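Asker: Can you keep this structure in mind? I'll have questions shortly.
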Amino acid sequence: MAEQQVSFKLNGKAVGVSVEARELLIHTLRERLAHTGPHIGCETSHCGACTVDVDGMSVKSCTVLTVQCQDANVLTVEGLEQTAGLHALQEAFHQEHALQCGYCTPGMITRAYRLLKETPNPTEEEIRYWMAGNLCRCTGYQNIVKAVQSAAKQMAATPA
Amino acid sequence: MGNSAETLEREEKLQGIGTSRLRKEDARFIRGQGTYVDDIKLPGMLFGAMVRSPYAHANIKSINKAKALAVPGVVAVLVADDLKPVNLAWMPTVGGDVQAVLADKKVCFQMQEVAMVIASDRYAAADGAAAVEVEYEELPAIVDPHKSMAADAPIIRPDIADKTEVGHGPRTHPNHIFTWEAGDKAATDAVFAKAEVTVREEILNPRVHPCPLETCGCVASFNKPTGELTVHVTSQIPHLFRTVLAMLSGIAESKIRVIGGDVGGGFGNKVPIYPGYVVAVVASIVTGVPIKWIESRIENISTTGFARDYHGIGELAATRDGRITGLRFTALADHGAFNSHVSATKLPAGLFSICTGSYDIPTAYCRVDAVYTNKAPGGVAYRCSLRVTEAVYLIERMIDVLAQKLNIDKAEIRRRNFVKKEQFPYTTAFGWTLDSGNYHPALEKALKAVDYEGLRREQAEKRAKGELMGIGVCTFTEIVGAGPTKVCDILGIGLFDSCEIRVHPTGSVIARLGTMSTGQGHATTYAQIIATELGLPSEDIQIEEGDTDKAPYGAGTWGSRSTPVSGAATARCARKIMEKAKKIAAHLLEVGEGDLEWEVDRFKVKGNPSQVKTMKEVCMASHTSNIPAGMEQGLNAVDYYDPPNLTFPFGAYVCVVDIDRYTGEVKVRRFYALDDCGTRINPMIIEGQIHGGLTEAFAVAMGQQIPFDESGNHLGNSLMDYFLPTSVETPKWETDFTVTPSPHHPLGAKGVAESPHVGGIPCFSNAVVDAFAHLGVTHMDMPYTSFRVWQQCKALGISTRT
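What follows is the structure, given as structure tokens:
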């Protein structure tokens, strides 16, 4: 099958790949660009393990074609840590014991990142609603909710 | 003793047993740097994709590989005939049966493995799999296990039709696997015959799937020049996995290395050895390059280790004042087309005979009949210690049924039947010795926490207004920590477990264990045990599991066995080191061992507190010549622990639900869970495990079931249909605890992760049924979807507004 050149920004860096039109973004990220943070947990866009941020929107990268990402700004969990240190969400997930097997964690954190961009001070109900596209089989979500709340507080206290 | 504040500070620095130490594993996971099996990428690696049967029962008339082999990127297509020359078309299961690796002449369940296509990448492999042409001749399928042993039932397994047994005693029908019984049937029948009151209920534990977020998969890599096989696999039992591979392949076990890596959730789904693994190994041997095989979610739900499918009948005999005098439980177990799940040779129905629960029941009998059906194999999984979920579900439902029959409060009937504190150790009618327990205070604490009396008053008021409110009580006893090798084995290998500790000169430690963390935080908690035992900071203690070249042999992590078995091995291993350290310290301080006392992280000379050797100093000394004459250098030890008994964690749960009688919607208003797992090593991790287990219990009770049509077609094998609760549906959990240490465990710990699942499911059921109790309903089968509950309302004539 013919391949196409696609270039986009991945965690701030320009990348270019040559892919078949049918290739899913999750496979490009994981297998061509060595970004194995986003995971694959289903093929029906329900689990959210593959969640990445594309042009300011949460996207399930198993449901988008790489060729759709030409010129896009793609952010994965690998892009959250800055030289100054971990993102407040990463630190909060650790502090609040919001992960166990860790498989859903990159998608969870990336989704929560988008939530806090849009709604910096979410209520518990808002968090639960926003995170409903990301499944976790280990934690029962309670500590994930706590972690998002705690990160929101932390981020409000430290202006960007 | 020294300054107590100073001592306390030193103790805190160790971050040992009892502290909510943050998890060491998190650092890589929050950065997306875990190494799960699908993250493994080896040079030259090819991908495998399965061709699977569309029929539940069919003869295979022909398989044509030609079109698949013509697909660009496809390297090979393997079918059963290709596996026969290496004797791998069939494999032994961990349940004593054999299983087709690739379907040999016939398929016995829908989605059964028929062929594997090997290709350059996963897209080409999928293209190839779609191009394999298989001609089937469909046969009538058995879906309902009640029909398996009918005289005219189609024979599912002609390969063993003539066998009089398949590992677990005599068979009476070609579709019969085993019949297992325990207790005293005659005595129990006699108790029932003269009982003042008896109750009987048919109770189903439906077929469900644990559905860890990461599906199953492996990367098999055979090195032709050296003859060494390395398998990266998402497995809960890396060591047993290696042994099975050695038995299967004929490759010396020393040349097989199994690497567990990070496992994205297990829940029993990652215990069995699946056909895909074996084909990947063969494909790597054939092609000479590494082969990756990763399931899709649909393949995972359709074919790998499901749970339950236990069709039970519960009966209790009792006095008029609610004292249970006899118990008779039977179950028909649907094991699918192969008996493939883990079962100890002597315990084909696992630990089902723990079904007397927390109650002092003098006479009891149980029987399990296991049969083949045209469904995927499995049955033992899902946060469940070998059928304990089914057992606890039956007793916790039946005691409610009895309470309703006698019009006794559901908490009160439990009080009247509990094994009393002074009766421990208590031997049940089935011969299990419950090592410890203290049920009455746990229940009272739970009832007080939720204001049980107040809830009952509120319920009465609501009932008067025609509203439905249910209060579920569950006081379960779990059985975990398999187990004593005299009772428990897999393929003949005893279920001991192990720990090896090496102490470095500078006082840091590496420890390796035979278990396998699948999210439980072993790297954190085992280090805490060693920290407390040796007085060395947990931060400097590295824990390794899952690489069979490095770790000592063990049976892995399942059945909440890590803390009861390997946790014990860890403590004992550290104590062996401690013994030696004490000798060295006595030598250094020029006193007798008896003159020394231990304080947090150091040895002190009794009566002369300035004479001190810290453990760190001893670590260094142990690597020098300054040690007692004749002693070997180093501070290393290994311990293989064969537990004398299982452990019996227990709990008291209360659930409150409100049900909309017009829509059938069940709202969980409150869920309070008190768990007693003995000594608590890391309270934060325990609480996390309980949250997770309760959520999985909620999933089972409220929405999970794998449905089939009459032809054996799956009717819900993707996440579009199969219910996994999201953050929106999941209730908020209130956790609490009491501490009743296990007398035989070196730390007094009992294992906890399964308790909330095992105790949670009947608690939800009891709450839902309780909402209808005043209308004469004694039982409703799970899952309590709105439709089902609405059907109940409709049947009772309360679903419409008047």
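Protein chains in written order, with numbering that gives the first Met the number 0: chain L, 0 to 159; chain B, 0 to 801. From the three backbone atoms N, C-alpha and C, an ideal C-beta is built for every residue, glycine too. Just so we're clear, the structure is a prediction, and the values are computed from it rather than from any experiment.
Thinking C-beta only, is Ala332/B closer than 8 Å to Asp359/B?
Answerer: Not a contact, by the Cβ cut-off of 8 Å.
Asker: From Phe240/B to Ile528/B, what does the alpha carbon distance come to, in whole angstroms?
Answerer: Approximately 27 Å between the Cα atoms of the pair.
Asker: Mapping the DSSP letters down to three states, classify Thr178/B as helix, strand or coil.
Answerer: Looking at Thr178/B - three-state DSSP - the assignment turns out to be strand.
Asker: For chain L, is any of its Cβ atoms less than 8 Å away from the one on Arg296/B?
Answerer: It does: the Cβ of Arg296/B has a partner Cβ on chain L nearer than 8 Å.
Asker: Check the Cβ of Glu169/L against every Cβ in chain B and list those closer than 8 Å, keeping chain order.
Answerer: The structure shown has nothing for residue 169/L, since chain L only spans 0 to 159.
Asker: List the endpoints of the continuous beta strand (DSSP E) containing Val16/L.
Answerer: Unbroken beta strand (DSSP E) run through Val16/L: 12-19.
Asker: Which stretch, first to last residue, makes up the alpha helix (DSSP H) that contains Gly758/B?
Answerer: Start and end: 754-771.
Asker: Since Asn142/L meets chain B, which of its residues come closer than 8 Å, beta carbon to beta carbon?
Answerer: Those are Gly687, His690, listed as they occur along chain B.
Asker: List in chain order: all unbroken alpha helix (DSSP H) runs of 4+ residues lying wholly within the segment 603-638 of chain B.
Answerer: If we require 4 residues or more, the alpha helix (DSSP H) runs fully inside the segment 603-638 of chain B come out as 614-620.
Asker: From which residue to which residue does the alpha helix (DSSP H) around Cys792/B run?
Answerer: That run of the alpha helix (DSSP H) goes 785-794.
Asker: DSSP state of Asp434/B, grouped into three classes?
Answerer: Coil at Asp434/B, not helix or strand.
Asker: On the premise that Asp674/B lies in contact with Val738/B, defined as a C-beta separation below 8 Å, what is that separation, rounded to the nearest angstrom?
Answerer: Not really, about 10 Å apart at Cβ, beyond 8 Å.
Asker: Along chain L, in chain order, which residues have C-beta atoms closer than 9 Å to that of Trp732/B?
Answerer: Per Cβ cutoff of 9 Å: Gly139, Gln141.
Asker: On a CA-only basis, which of His778/B, Tyr783/B, Lys793/B, Thr799/B is nearest Glu201/B? Give me that one, please.
Answerer: When only C-alpha atoms are compared, the closest one is His778/B.
Asker: Can you tell me whether Met0/B is helix, strand or coil according to DSSP?
Answerer: Note on Met0/B: pLDDT 47, under 50, position unreliable in the model; the coordinate value appears next. In the structure shown, Met0/B sits in coil (DSSP, three-state: anything other than H, G, I, E or B).
Asker: For Val165/B, tell me which candidate among Ala620/B, Ser342/B, Leu634/B, Ala573/B has the shortest Cα-Cα distance.
Answerer: Ranking Ala620/B, Ser342/B, Leu634/B, Ala573/B by Cα distance to Val165/B puts Ser342/B first.
Asker: In chain order, what residues of the same chain have a beta carbon less than 6 Å from the beta carbon of Ala758/B, not counting five sequence neighbours either side?
Answerer: Note on identity: in this sequence residue 758/B is Gly, with Ala being the wrong assignment. Counting only Cβ-Cβ distances below 6 Å, and skipping sequence neighbours, we find Cys473, Phe475, Gly650, Tyr652.
Asker: Can you pull the DSSP bridge partners for Leu673/B?
Answerer: According to DSSP, which records beta bridges pairwise, Leu673/B is partnered with Ala651/B, Asp735/B.
Asker: Leu746/B to Ala111/L, Cα distance in whole Å?
Answerer: Cα-Cα distance, rounded: 39 Å.
Asker: Using 8 Å as the Cβ pair cut-off and three pairs as the minimum, do the segment 655-668 of chain B and the segment 781-793 of chain B touch?
Answerer: Output reads yes: the segment 781-793 of chain B touches the segment 655-668 of chain B.
Asker: Using the Cα positions of Gly260/B and Thr34/B, report the straight-line distance between them to the nearest angstrom.
Answerer: Their Cα atoms are separated by approximately 6 Å.
Asker: Around the Cβ of Gly629/B, are there at least 16 other Cβ atoms within 10 angstroms (buried) or fewer (exposed)?
Answerer: The residue is exposed, with fewer than 16 neighbouring Cβ atoms inside 10 Å.
Asker: Who are the neighbours of Gly36/L on chain B, taking C-beta pairs under 8 Å?
Answerer: Within 8 Å Cβ-Cβ: Arg30, Gly31, Gln32.
Asker: Closest to Ala13/L by C-alpha separation, out of Leu114/L, Asn72/L, Val76/L, Ile143/L, would be which residue?
Answerer: Closest option to Ala13/L, Cα to Cα, is Asn72/L.
Asker: Just the Cα atoms here: how many angstroms apart are Asp539/B and Val508/B?
Answerer: Straight-line Cα distance between these residues: approximately 6 Å.
Asker: Out of curiosity, what's the CA-to-CA distance linking Thr558/B and Thr427/B?
Answerer: Residue identity differs from the one stated: residue 558/B is Gly in this sequence, not Thr. Rounded to whole angstroms, Gly558/B to Thr427/B spans 20 Å at the Cα level.
Asker: Measure from the alpha carbon of Thr104/L to the alpha carbon of each residue in Arg27/B, Asp641/B, Leu68/B, Thr92/B, then state which is nearest.
Answerer: For Thr104/L, the nearest C-alpha among the options comes from Arg27/B.
Asker: So what's Pro37/L in DSSP terms, helix, strand or just coil?
Answerer: Of the three classes helix, strand and coil, the one that applies to Pro37/L here is coil, per DSSP.
Asker: Roughly how many whole angstroms lie between the Cα atoms of Ser717/B and Met614/B?
Answerer: So the alpha carbons of these two residues sit roughly 55 Å apart.
Asker: Scan the segment 33-93 of chain B and note each continuous beta strand (DSSP E) run of 3 residues or more that stays entirely inside, going in chain order.
Answerer: Taking only runs of at least 3 residues, the beta strand (DSSP E) segments lying wholly in the segment 33-93 of chain B are 45-51, 57-63, 73-78, 89-91.
Asker: Cα-Cα, which of Val699/B, Leu68/B, Glu499/B is closest to Asp126/B?
Answerer: Measuring from the Cα of Asp126/B, the nearest candidate turns out to be Leu68/B.
Asker: Are there 16 or more other CB atoms within 10 angstroms of the CB of Gln69/L, so buried, or fewer, so exposed?
Answerer: Looking at its Cβ environment, which holds fewer than 16 other Cβ atoms inside 10 Å, Gln69/L is exposed.
Asker: Val262/B touches chain L at which residues, Cβ-Cβ below 7 Å?
Answerer: Under the 7 Å cutoff, chain L gives Cys100.
Asker: Taking only three categories from DSSP, how would you classify Met779/B?
Answerer: Met779/B falls in the coil class under three-state DSSP.
Asker: Can we say the segment 407-425 of chain B touches the segment 84-99 of chain B, given the rule of at least three CB pairs closer than 8 Å?
Answerer: Flag = no, the segment 407-425 of chain B and the segment 84-99 of chain B do not touch.
Asker: For Glu695/B, which residues of its own chain have a beta-carbon under 6 Å away from its beta-carbon, when the five flanking residues on both sides are left out?
Answerer: Taken in chain order, the residues that qualify are Arg382, His756.
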